[in-house]
Amino acid sequence: MTIVEENTELFYEELNGNCNEKILLQLAKKGIFLYEPLFKHDKLKNHDYLVDISILARQYFMINTNSQYNHYFEIIESFDKYNIFSLYNNKYDCSKLIIINKFFMNKLINEENDKYFSFIIIFYY
């Protein structure tokens, strides 16, 4: 069994057990494989770490809360400092994983920060 397989097994044990978000993030940083998007898991779908874990595991994700939305753009703005995301050539690559939903669209439409709006528009243009 490879390290990623072992981490994946431990990740799902934790996700289906206590669901300690910090432990899940630490396992994701070591390398995991997600069988399905985490937004299907009620215990984690609204937590900020869903964004980090999904990006680390190269899995699609939806943004469902204001906190996740802000956290996502915090990652994008500090992309170079987030050395855990070295899997990606640039911040646009990890943005391909966002599943655009009604919440995300409403946030963008009402966004006052032109930088956020422009980033998404440029990426999807």
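For the sequence shown, the residue numbers in our numbering are 1 to 125. Virtual Cβ for every residue (Gly too), placed ideally from N, Cα, C. No experiment lies behind these values; they were computed from the predicted model shown.
What first and last residue would you give for the alpha helix (DSSP H) that runs through residue 105? 102–109
Kindly identify the DSSP beta-bridge partner or partners of residue 136. Given a span of 1 to 125 for the chain in the structure shown, any question on residue 136 remains unanswerable.
For residue 48, three-class secondary structure by DSSP: coil
Hey, residue 57 and residue 76: beta-carbon distance below 7 Å or not? no
Residue of 71, 102, 7 minimising C-alpha distance to residue 51: 71
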